[in-house]
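J.: First the structure, which I've put down as structure tokens, then a few questions once you've had a look.
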Amino acid sequence: MKEQVRRLVIQAVAACFADNTLSSGEIPPVVVEVPAQEGHGDYATNAALSLARPEKKSPRAIAQALVDHIPESSLLERVEIAGPGFINFFLKGSAWQETLSLIEEQGAGFGRSAQGGGKRVQVEFVSANPTGPLHIGHGRGAAIGDTLCRLLDATGWDVTREFYYNDAGAQITNLALSVQARCLGVESDDPRWPADGYQGEYIRELARAYLARETVEADARQVTATGDIDDLESIRLFAVASLRREQDQDLTAFDVRFDLYSLESELYTSGRVEAVVRRLMENNHTYEQDGALWLKSTDFGDDKDRVMRKADGSYTYFVPDVAYHLGKWERGFVRVVNEQGADHHSTITRVRAGLQAVDAGIPLGWPEYLLHQMVTVMRGGEEVKISKRAGSYVTLRELIDEVGRDATRFFFVMRKPDSQLIFDIDLAKQQTLDNPVYYVQYAHARIKSIFANAAEKGFFPPVFRAASCSRLESPEELALIKLMAGFPEMVAGAAASFEPHRLTSYLQELAGLFHGFYNKNRVISDDAPLTGARLFLLSCVVTVLKNGLGLLGISAPDSM
RNA sequence: GCGCCCGUAGCUCAGCUGGAUAGAGCAACGGCCUUCUAAGCCGUAGGUCGUAGGUUCGAGUCCUACCGGGCGCGCCA
């Protein structure tokens, strides 16, 4: 609808140029928006204001010229010039029937669009290392990343979801040593306890399972514990597989799935790490100093050069990272988004610098990043301190079990990723009006309940009828229709700007309008055409609620 | 010290990429259930958009400098 109004404005501008009413000849970016103020119409444009400068005329005079040149349209009731030179559009009631028939026609597809043109995009998220269960920070990443994937999919992108993890390296050795210590019965206060050992209770459980020679399966690989306490490699394989399986179970419970898991160790065994190092050296972006190999990352915007190969011969973490991302590029992903915690934001410059130094034709801003800020957990009015090593932290699993999947997902995406998030467990658990999740789901369940009631009274499933839909003219009904008309645009904006929280805001607003409508109007009445029209309107609301909740990975219950 | 993010009602946060008189929920106060789910609705009150400049027809939104909070600045990942 907004797009149609926008076209009218552009046509008016073009017409003014054609008959020399206006002379600058350049169509400015025409912005049409829904005015905040009720009296300012259904849509408004500032076209006259932005034309004032190049035309050197008063905005109001230009606005008048534009209005005079707006083509005939069955949509328009009237057009007004207001304020400094805004043009306000008032649409006919019948114009909105188009929105309703469109929602019915598109159904589950309403809100979807084709901006992506079917091009491939890869989204990497969560990417937790297998050194412990997923915690609440991973949860936010999982919820935001998964919702972003759904948004990109809905806007015409071919999405590949990927999870990358480090299954070698110092942290994993540390993990294996911790399990080994537990196998030996060494406690964390023992001098023999490894320096930065993992102290969580799950380490004890891993040791027990290892000694019991259990078999675990993760990422399509099976690992059987040898039970040999001296075999650190066997312990490593078993611990990694066990923790990966745990994480997968948590993610499955969260309804988050991946297409591909990438292992850091494979970057070494496949020779990709060595190959990247060679290319960087050949491109003369490296030098040796103090027994280490350095990357001249300062040539590519970094604030200091970075060590690639340590004096002990091993590589720093970012070398496989560059190799991994080069691989993404070579796999044909012209667009890649990495969703990760903001505490790792320093990797961005490094990875991009490394990729530029490889000189593989990768654009400057590639890959894109979506960073989320920290999560603070509140319980009983107090902050729950997170300490991974001490093992005292809230896991994603605990949260899902305690709060429920729907509420957990909703809360995690409810805020702008840039904002720190306070996760109030007590609030999320409440099944009361304080809780926005239930507010939105309740709207859906309420409508379904009305439908059940209507069916009992012999009303057929609602269908679109222009004549009866013209009866939908109360402020509450029109507000619902107008908000629904903007759903596809909201989805497109959320996807384009990586802002999943727009979904939750929108759904809360839509649910609010419905509840207001419900309390003021009776749907099922003796007036059959009106009843039919309202049932049809509500079937559209159900579609939009369901589509929106679907993008969030949240259920739309029929009853509550 | 340097880099990134944040600062909007008592609290938690929106503010659609620069538009018209800055919004919602909670908390407070007052109303609404013999009628499709009261897990709901309506109303009242609540603001120097951290501060000071700047850019322009127009700034919560963009620029600069400060103040305050978070995160990061490793031959850890």
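Sequential numbering of the first sequence, starting at 459, is according to the numbering used here.
For glycine and all other residues, C-beta sits at the position ideal for the given N, C-alpha and C.
Between the alpha carbons of Arg-847 and Ala-626, how many angstroms are there, rounded?
T.: Indexing the first sequence from 1 puts residue 847 at position 389. Indexing the first sequence from 1 puts residue 626 at position 168. Low confidence applies to Arg-847: its pLDDT is 46, below 50, so where it sits in the model is not reliable, and the reading given next is rough at best. Rounded to the nearest angstrom, the two C-alpha atoms are 18 angstroms apart.
J.: Taking Cβ positions, are Ser-482 and Glu-461 nearer each other than 8 angstroms?
T.: For the purposes of this step, residue 482 is taken as residue 24 along the first sequence, with counting starting at 1. For the purposes of this step, residue 461 is taken as residue 3 along the first sequence, with counting starting at 1. Contact flag unset, no.
J.: Find the nearest neighbour of Thr-1001 within the set Gln-638, Glu-562, Thr-557 and Ser-532, judged by alpha-carbon distance.
T.: Within the first sequence, residue 1001 is the residue found at index 543, counting from 1. The option with the nearest alpha carbon to Thr-1001 is Glu-562.
J.: Using the C-alpha atoms, what's the distance from Thr-589 back to Gly-499?
T.: Reading the first sequence from its first residue, position 41 is the one you call residue 499. Reading the first sequence from its first residue, position 131 is the one you call residue 589. The alpha-carbon atoms of Gly-499 and Thr-589 are separated by roughly 57 angstroms.
J.: Can you tell me the Cα-Cα spacing of Gly-849 and Tyr-660, whole angstroms?
T.: In the first sequence, counting from the first residue as 1, residue 849 sits at position 391. In the first sequence, counting from the first residue as 1, residue 660 sits at position 202. Note on Gly-849: pLDDT 47, under 50, position unreliable in the model; the coordinate value appears next. Computed Cα separation, rounded: 9 angstroms.
J.: Is the beta carbon of Val-898 less than 8 angstroms from the beta carbon of Gly-569?
T.: In the first sequence, counting from the first residue as 1, residue 898 sits at position 440. In the first sequence, counting from the first residue as 1, residue 569 sits at position 111. Contact: no.
J.: From the DSSP output, in three-state form, read off Ile-485 for me.
T.: Indexing the first sequence from 1 puts residue 485 at position 27. Coil, per DSSP.
J.: Which stretch, first to last residue, makes up the beta strand (DSSP E) that contains Tyr-827?
T.: Locating residue 827 in the first sequence gives position 369, where the first residue counts as 1. Tyr-827 -> beta strand (DSSP E) spans 826 to 830.
J.: Pull up the distance between the alpha-carbon of Cys-927 and that of Leu-609, whole angstroms please.
T.: By 1-based counting over the first sequence, the position of residue 927 is 469. By 1-based counting over the first sequence, the position of residue 609 is 151. Using only the alpha carbons, I get a separation of about 31 angstroms.
J.: Given this structure, state the Cα-to-Cα distance separating Pro-486 from Glu-538, to the nearest angstrom.
T.: For this step, residue 486 is matched to residue 28 along the first sequence. For this step, residue 538 is matched to residue 80 along the first sequence. Looking at the two C-alpha atoms, the distance is approximately 20 angstroms.
J.: Please name the residue in Arg-464, Phe-956, Ser-1017 and Leu-941 whose C-alpha comes closest to that of Val-999.
T.: On the first sequence, position 541 is the one that residue 999 refers to. Closest option to Val-999, Cα to Cα, is Leu-941.
J.: Please classify His-902: does DSSP put it in a helix, a strand, or coil?
T.: Within the first sequence, the letter at position 444 stands for residue 902. In this structure, His-902 counts as helix in the three-state DSSP scheme.
J.: Inspect the beta-carbon positions of Ala-506 and Ile-520 and report whether they are closer than 8 angstroms.
T.: Here residue 506 corresponds to residue number 48 of the first sequence, with the count starting at 1. Here residue 520 corresponds to residue number 62 of the first sequence, with the count starting at 1. Contact: yes.
J.: Work out the CA separation of Pro-778 and Ser-1013 for me, nearest whole Å.
T.: Here residue 1013 refers to the residue found at position 555 of the first sequence. Here residue 778 refers to the residue found at position 320 of the first sequence. Roughly 39 angstroms between the two C-alpha positions.
J.: For Gln-878, count neighbouring C-beta atoms within 10 Å of its own C-beta (all shown protein chains included) and say buried if the count is 16 or more, exposed if not.
T.: Counting from 1 along the first sequence, the entry for residue 878 is found at position 420. Its Cβ having fewer than 16 others within 10 Å, Gln-878 is exposed.
J.: Over the uninterrupted beta strand (DSSP E) stretch that includes Val-579, give me the two end residues.
T.: On the first sequence, residue 579 is found 121 positions in, with the first residue counted as 1. Its beta strand (DSSP E) spans residues 578 to 582.
J.: Considering only residues of the same chain and omitting the five flanking positions on each side of His-596, which have a CB-CB separation below 7 angstroms?
T.: Indexing the first sequence from 1 puts residue 596 at position 138. Answer for His-596: Val-584, Ala-586 and Leu-854, listed in chain order.
J.: Give me the DSSP bridge partner(s) of Trp-651.
T.: For the purposes of this step, residue 651 is taken as residue 193 along the first sequence, with counting starting at 1. In the DSSP output, where bridge partners are listed per residue, Trp-651 has none listed.
J.: Less than 8 angstroms between the beta carbons of His-959 and Ala-901, yes or no?
T.: Taking the first sequence and counting its residues from 1, the one referred to as residue 959 is at position 501. Taking the first sequence and counting its residues from 1, the one referred to as residue 901 is at position 443. Not in contact: His-959 and Ala-901 (Cβ atoms no closer than 8 angstroms).
J.: Which residues in the same chain have their Cβ closer than 7 angstroms to the Cβ of Asp-604, if we skip the five residues on either side of it in sequence?
T.: Translated into the one-based positions of the first sequence, residue 604 becomes position 146. Answer for Asp-604: Val-714 and Gly-1011, listed in chain order.
J.: Since Thr-756 contacts Asp-763 with CB under 8 angstroms, what's their CB separation in whole angstroms?
T.: Position 298 of the first sequence holds residue 756. Position 305 of the first sequence holds residue 763. That belief holds up - the Cβ atoms of Thr-756 and Asp-763 are roughly 5 angstroms apart, short of 8 angstroms.
J.: Using a 10 Å radius around the Cβ and a threshold of 16 neighbouring Cβ atoms, would you call Thr-631 buried or exposed?
T.: Within the first sequence, residue 631 is the residue found at index 173, counting from 1. It is exposed - the Cβ of Thr-631 has fewer than 16 other Cβ atoms within 10 Å.
J.: By Cβ distance below 8 angstroms, which residues in the same chain neighbour Tyr-623 in space, the five residues on each side in sequence not counted?
T.: The residue given as residue 623 occupies position 165 in the first sequence. Correct list, in chain order: Ser-585, Ala-586, Asn-587, Pro-588, Arg-702, Tyr-719, Ser-720, Leu-721 and Glu-722.
J.: Less than 8 angstroms between the CB atoms is what I'm expecting for Ala-733 and Gly-749, so what's the real figure, rounded?
T.: As a first step, residue 733 is located in the first sequence; it is residue number 275 there, counting from the start. As a first step, residue 749 is located in the first sequence; it is residue number 291 there, counting from the start. Between Gly-749 and Ala-733 the Cβ distance is about 23 angstroms, and since that is not below 8 angstroms, they are no contact.
J.: Would you identify the three-state DSSP class for Ala-750, choosing helix, strand or coil?
T.: Counting from one through the first sequence, the residue named residue 750 turns up at place 292. It is a strand residue.
J.: For the beta strand (DSSP E) holding Ala-986, just list the boundary residues, first then last.
T.: Residue numbering aside, residue 986 sits at position 528 when the first sequence is read from its first letter. Note, Ala-986: premise wrong, no beta strand (DSSP E); alpha helix (DSSP H) at 986 to 1010.
J.: Counting C-beta neighbours from all protein chains within 10 Å, is the total for Gln-697 16 or more, i.e. buried, or is it exposed?
T.: The residue given as residue 697 occupies position 239 in the first sequence. It should be pointed out that residue 697 corresponds to Ala in this sequence rather than to Gln. Answer is buried; the Cβ neighbour count reaches 16.
J.: Going by alpha carbons, who is nearest to Thr-744 out of Met-766, Gly-759 and Asp-717?
T.: Taking the first sequence and counting its residues from 1, one reaches residue 744 at position 286. Nearest of Met-766, Gly-759 and Asp-717 to Thr-744, Cα basis: Met-766.
J.: Who are Leu-680's beta bridge partners in DSSP?
T.: Working through the first sequence from its first residue, we reach residue 680 at position 222. One detail in the question is off: residue 680 reads as Gln in this sequence, not Leu. Paired residue(s): Glu-675.
J.: Does the distance from the C-beta atom of Gly-685 to that of Leu-695 stay below 8 angstroms?
T.: Reading the first sequence from its first residue, position 227 is the one you call residue 685. Reading the first sequence from its first residue, position 237 is the one you call residue 695. No.
J.: Taking 8 angstroms as the cut-off, does the region 871 to 890 touch the region 826 to 846 (at least 3 CB pairs, one atom from each stretch)?
T.: As far as the Cβ criterion goes, the region 826 to 846 touches the region 871 to 890, which means the pair count is three or higher.
J.: Alpha carbon to alpha carbon, what distance is there between Leu-524 and Ser-508?
T.: Residue mapping note: residue 508 aligns to position 50 of the first sequence, counting from 1. Residue mapping note: residue 524 aligns to position 66 of the first sequence, counting from 1. Going from the Cα of Ser-508 to the Cα of Leu-524 covers about 13 angstroms.
J.: So, helix, strand or coil for Asp-616, using DSSP?
T.: Here residue 616 refers to the residue found at position 158 of the first sequence. In the structure shown, Asp-616 sits in a strand (DSSP, three-state: E or B).
J.: In terms of alpha-carbon separation, which member of Tyr-726, Leu-1009 and Val-792 lies closest to Val-871?
T.: Counting from 1 along the first sequence, the entry for residue 871 is found at position 413. Nearest of Tyr-726, Leu-1009 and Val-792 to Val-871, Cα basis: Leu-1009.
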